Every structure is written in structure tokens, then in C-alpha cells.
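Input: a single structure, listed below in C-alpha cells.
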Amino acid sequence: MLTLNNVSKRYPGGHEALKAVNLQIDQGEMVFLTGHSGAGKSTLLKLITRLEKVSGGQIMVDGRNVSRMSERDIPRHRRRIGVIFQDNRLLPDRTVFDNVALPLVIDGCHRHRELQRMVRAALDKVGLLNRERSYPTSLSGGEQQRVGIARAVVNKPPLLLADEPTGNLDPDLSRDIFDLFLSFQQVGVTVLIASHDLELLTSFNRRRLKLEHGNLISDFVPDAQESSE
Amino acid sequence: MRKNRANKPVKRRQNRRKKPGGASLRSEQLRPPIGRAFVAFWVAHVLAFFHGLGRLAREPFGSLLTITIIGIAMALPVGLHLVLKNMQGLAEGWNDATQISLFLNPSMTLKDVPTLQGRIEAQVGKIRIEAKGPEAALDEFKQAVGVSEAVKVLGENPLPVVLILYPEPDMDPAALEAMTSTLQALPEVDLAQLDLRWIQRLHAIAHLGERATLILASLFSIAVLLTIGNSARIEVERRREEIAVEKLVGATTAFIRRPFLYSGFWLGLAGASTAIMLITLATLLLDGPVRELLRLYDNDSLLSGIDFTLGATVLLAGVSLGIVGSLIAVNRQLRRIEPDW
Chain P
7 MLTLNNVSKR YPGGHEALKA VNLQIDQGEM VFLTGHSGAG KSTLLKLITR
57 LEKVSGGQIM VDGRNVSRMS ERDIPRHRRR IGVIFQDNRL LPDRTVFDNV
107 ALPLVIDGCH RHRELQRMVR AALDKVGLLN RERSYPTSLS GGEQQRVGIA
157 RAVVNKPPLL LADEPTGNLD PDLSRDIFDL FLSFQQVGVT VLIASHDLEL
207 LTSFNRRRLK LEHGNLISDF VPDAQESSE
Chain F
395 MRKNRANKPV KRRQNRRKKP GGASLRSEQL RPPIGRAFVA FWVAHVLAFF
445 HGLGRLAREP FGSLLTITII GIAMALPVGL HLVLKNMQGL AEGWNDATQI
495 SLFLNPSMTL KDVPTLQGRI EAQVGKIRIE AKGPEAALDE FKQAVGVSEA
545 VKVLGENPLP VVLILYPEPD MDPAALEAMT STLQALPEVD LAQLDLRWIQ
595 RLHAIAHLGE RATLILASLF SIAVLLTIGN SARIEVERRR EEIAVEKLVG
645 ATTAFIRRPF LYSGFWLGLA GASTAIMLIT LATLLLDGPV RELLRLYDND
695 SLLSGIDFTL GATVLLAGVS LGIVGSLIAV NRQLRRIEPD W
């Protein structure tokens, strides 16, 4: 699903955010990306969504060569990746329903019934079906983050990226959010989560990557994935 | 991290690959089938059409301000154009009164006129001729100048017979000049006089006015373009976060731009309609005084306002300026918004 070959990223000014990173993530895997802030976690996610361009190496996502993708193909590439942000990036002047519907509208979904069905399915999955008419500001932090997740999964992308999705949440809510990610993995979605909440991560027995100063310094793979759930 | 196998580079697990020949898939897989894309294209336009209108409605005061400015800016050149058009209509009415006066030599009397008329028509073709004897001319002279006492002193009437010729109204000035010289050459004619200069001046003024209208229209078009561009720019700035999020979830530039272009369309349309309303209002207000003025000039032509062609042109110009203005501003502005998180 996701392959990085010798990927490096150097910013103008000389800062090297990633140094020759090699990585392969298979379809249906759930992988944690750890490391201190500034280690290159966000950079890696930005390269995958082509918000930024690699300085060297190659990134393949679902068979698409992201590093050599034309400008024209970038929007559609992003539609095949669900992204969850630390600060959820919901639009405050739109209802929960309209926020979640945005990726579908952008993708040209024009049948209202289909739109409604998909949005409700996504909201149902995150347990907020009864809040579709609310505005994001009237929701709690945990609820807002779940709306963000519903928006990321509404058009059923095969790859889900999350950048510190629980950064602003207390431990109980964080666990709920991670359980939600687990449920997506169980239906075959590939999930890559950047987080430094090690305590929480270790309680899930999943593959863990560690970045330090732009180097991938460890790749922990549990022996039997099901054992510690 | 007890089980962490540190410093081990990357674990590759090929066994769970599910896509056969996955790496060879091309970017074409991203593009939807053409039929679906076609329907989606039109649906997106219809949505943006109303979305653009909705955005304006959400900022009623600002939109009204912009629309009024556009309306006034467009009304000025259109108004000047109408003033000129009316002036030309007036001038055409006067052209009808273009005349050549033939002052005959003193030996000629009114009895000689029919014979002379035959000779004149042999020279210049069929023409309407009015003859004025010395008595009638003197009476007119007295009334017009108010010098009846002075005329009395003269004792005898010094005025000759005058023939007034009315050429066809569509004759151009050069042909009229030529006709006048032909008539001057007749032995019975002392003086043939054609008064053309005021018509020529009027035409020159109208020509100048046309040029001025064109310059004014260009300047005000730029003003409209800038006004609409500026309101689009402010709108993009206000929606910076929304645009960033849309880019993040895979919106194309065309998708993001579309509602702004339709907002420009609506602003241009509303501004042009306002201009038409303003002009119509002005025409109604001016109708009374102009009628009075025309009556004094013995002209019964009506004040002409905006007709269908002019109205359609104004609307088309407004809409085009609206779309182009927002296109330029939005393109410039969107490039500066790079999504980030």
C-alpha cells in the first residue's frame, strides 16, 4: 500500500527533515509512527499526501508514484487518502453533516440520497449520528475529533493518516479514538498514526516505527498481532 | 520498547501484498469514467451557481455596496452614450431643415419664379422650393429684428425675391456645397447661401463625444474589474481556512475557484441591472424638461432611453467584467494559499 525508497526531504535553508528513509506498509496494516516533535513525523505524512515534494527517493501509494505525480493528479490522489489532524480542521460555519459531506461533494457525488447515506454511515461509525445538524463549536473536543475522523473515512479511502490525533484529548477519549482506528483496520483500511503518546501506543500490540532526526531508527513488529488486544 | 529491534533498518513483508502487480498501476486509475465526470461537471456548476449567490446573500451590506458602485460606474458611460444618441437624433431633425437660400437679382419678381423653378430643377433635379416676395420678407425682417422704425425710413423696399430650397435630408455636406455653387452660377441668382457650418460643428461635437464615451467606458470598465476583483480577493482571504481544508481533502483549483467566479457573475449582473435602473430613472426625470426643450426647437422626437440591444450589451458587459475580474483576482490569490497542518 505504501512504499518509501530512500526518501529524503531537505527544506530550503538546509534543514534535513528526512534522511534516506526506507519503509513498506502493507494493505490492512495499522502502524504507529513515533518520535519526538521535529523528528520528521509530520514531514513524512505531508510527503505521502504530496503537500510537500520529496527531495530524493520515491514514494509509492497504492501503486501511484507520488514523487512523480503531475499537479493535475494530486487532488484525486488526496481523495484516496483520509487525513486526521490534531486540531481536526473542521469548518466552523458548516454543520457536522456538511463538514463530513465535503470530501464527497469535492469528489463530485451529486445524488443527494447517496450523499446522505454515506455521511450518515460515517457519522454512525463514530457514534455521532444524532449530531448531524449541530455546528462543530457546540461539540466537545472528543466529538469534534470524531467528526474529523468521519470526514476522513466518508469516501472510504484505502489509506488513513493521522497526525497526533489525540494530542488535545485526555487518556480515556484518546483510547476511544484509537479503538475507532482499530475498527477501520479490521475492515481492511491501512492506518498510519503519528503520535508520541507511547503509553497508549504500547497498549496496542501493533507495528511501531520510530523516527529520530529524520532517520528511521526502529521498526518494531509484534510477533503475533492478536495476542495483546 | 522492550521488544524493539533498534537499528534494524526496515522490515519488509511481502507476504501480505494483495494487489497483483500493484506497483505497476498508473495514475489513470484516479480519473473517473468520462460519463460520470460529465454529469459531475454540470452538477458542480449548478451547485456553484447558487452557492455563489448564497455567499453574496450572506454579506448583504458589502454586496449591496459593491453592486451600487458597479451600477454607478456603468451608468455613467451608458448615460453619456444616450445623451449623444439623443443629440444626434436632434441634429437629424435639424438636418431636415437644411436649406439653400437664393437671393435673386432685383429685376426678378414673383411672376418669374415658375420659369426659374423649371431651370433650377433642370440643373439639380426635383426639389421643394418656397418663394418669398419682397413684402413678406420685409414683414419677417421687421418682426425678427425689431427695426420697423428703421425700415420705415428706407421708404422703398430694398429686399429681393428669395427662393428657399429644401434639399433631401440625407445629402452629405459636400453634395450640398456642390449644389450651391451650381445654383450660384445661374444669372438670375445674386447670391446662393448654404448654412452648413453649425451642422458640421454639431457633427464634430458628437464625434468628440463618441470618443469621450469610449474612453470613459474603458476607464469605468477597469474600475468595475478592480471593484469585483477586490471583493473576490477579500472573499478568498476570508475563506482561507476553508480553501486550505478543501485542498487538503482533494479539491481541484477549478472546484475551489468556481463559486468565486459565480459570485463575480452575480455581482456583474446585479451591477449592470442597477446601471440600467439608474439610467431609466434618469430618463424618466429628464423626460419633462427635454420635451419642453424639444418643443421650443419644433422637434417632436422623443427622448430615447435604453433599448433592448443597449440593455443586453450592458448586462453582457457586466457579467463578463464580473467573471474576468474575479478570475484574475482568485487565480492570483489561490496560488498563495498552500494547505498545511
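Protein sequence lines, in the order shown, are assigned to chains P and F.
For the first sequence, position 59 (counting from the first letter as 1) is numbered 65 according to the working numbering, and the numbering increases by one without interruption.
For the second sequence, position 203 (counting from the first letter as 1) is numbered 597 according to the working numbering, and the numbering increases by one without interruption.
Idealized CB from N, CA, C, for every residue including glycine.
Since we're looking at a predicted model, the values are computed, not measured.
Compare the C-beta of residue i with all C-beta atoms of chain P and state if any pair is closer than 7 Å.
i	result
Val618/F	no
Glu604/F	no
Ala442/F	no
Val437/F	yes
Trp735/F	yes
Glu686/F	no
Ala451/F	no
Ala664/F	no
Ala598/F	no
Glu636/F	yes
Gly448/F	no
Leu434/F	Strictly speaking, residue 434/F in this sequence is Ala, with Leu absent from that position. So, interface residue.
How big is the Cα-Cα spacing for residue i and residue j?
i	j	result
Leu39/P	Ser612/F	60 Å
Ile183/P	Val67/P	25 Å
Glu635/F	Gly154/P	15 Å
Thr607/F	Arg522/F	38 Å
Asp229/P	Cys115/P	42 Å
Leu697/F	Ala467/F	22 Å
Gly699/F	Gly623/F	30 Å
Asn105/P	Arg633/F	15 Å
Leu457/F	Pro98/P	Here residue 457/F is Ser; the residue named in the question, Leu, does not match the sequence. Roughly 22 Å between the two C-alpha positions.
Glu138/P	Arg730/F	33 Å
Lys15/P	His21/P	9 Å
Leu175/P	Asn94/P	12 Å
Gly483/F	Leu476/F	10 Å
Gln122/P	Leu186/P	21 Å
Ser495/F	Gly603/F	31 Å
Lys59/P	Leu53/P	6 Å
Glu686/F	Glu515/F	39 Å
Arg100/P	Pro142/P	8 Å
Met75/P	Asp734/F	19 Å
Gly46/P	Met124/P	34 Å
Pro552/F	Lys546/F	11 Å
Met565/F	His445/F	58 Å
Does any CB atom of chain F fall closer than 7 Å to the CB of residue i?
i	result
Gly114/P	yes
Ser234/P	Note on Ser234/P: pLDDT 43, under 50, position unreliable in the model; no value is reported.
Leu97/P	yes
Phe210/P	no
Pro18/P	no
Phe91/P	yes
Arg84/P	yes
Gly220/P	no
Pro164/P	no
Pro171/P	no
Pro81/P	yes
Pro109/P	yes
The alpha helix (DSSP H) that contains residue i, what's its start and end?
i	result
Gly705/F	Phe702 to Leu728
Phe38/P	Per DSSP, Phe38/P belongs to no alpha helix (DSSP H); it is in the beta strand (DSSP E), Met36 to Thr40.
Leu97/P	Per DSSP, Leu97/P belongs to no alpha helix (DSSP H) and is neither H nor E.
Lys641/F	Arg634 to Leu642
Ile199/P	That residue, Ile199/P, is in no alpha helix (DSSP H); its beta strand (DSSP E) goes Thr196 to Ala200.
Leu207/P	Leu204 to Ser209
Glu515/F	Val507 to Val518
Can you check whether the CB of residue j is closer than 7 Å to the CB of residue i?
i	j	result
Val13/P	Ile90/P	no
Arg152/P	Leu134/P	yes
Arg652/F	Gln727/F	no
Leu35/P	Thr196/P	Leu is not the amino acid found at residue 35/P; the sequence shown has Glu there. In contact: Glu35/P and Thr196/P (Cβ atoms closer than 7 Å).
Asp113/P	Arg85/P	yes
Pro567/F	Leu596/F	no
Ser140/P	Val193/P	no
Val27/P	Leu10/P	yes
Leu166/P	Phe190/P	yes
Gly465/F	Thr668/F	yes
Arg56/P	Val72/P	yes
Asp584/F	Phe702/F	no
Quick one: give me the first and last residue of the beta strand (DSSP E) that residue i is part of.
i	result
Lys526/F	Arg522 to Lys526
Thr49/P	No beta strand (DSSP E) holds Thr49/P; the alpha helix (DSSP H) holding it covers Lys47 to Ile54.
Asp225/P	Asn221 to Phe226
Glu22/P	Glu22 to Ile31
Using a Cβ-Cβ cut-off of less than 8 Å, give me the residues of the stretch 177 to 191 of chain P that come near chain F, in sequence order.
-> none
Please name the residues in the stretch 639 to 654 of chain F whose beta-carbon is closer than 7 Å to at least one beta-carbon of chain P, in chain order.
-> Against chain P - using a Cβ distance shorter than 7 Å - the residues of the stretch 639 to 654 of chain F are Val639, Glu640, Leu642, Val643, Gly644, Ala645, Thr646 and Phe649.
Along the stretch 48 to 66 of chain P, what residues have a CB closer than 7 Å to any CB found in chain F?
-> Leu57 and Met66
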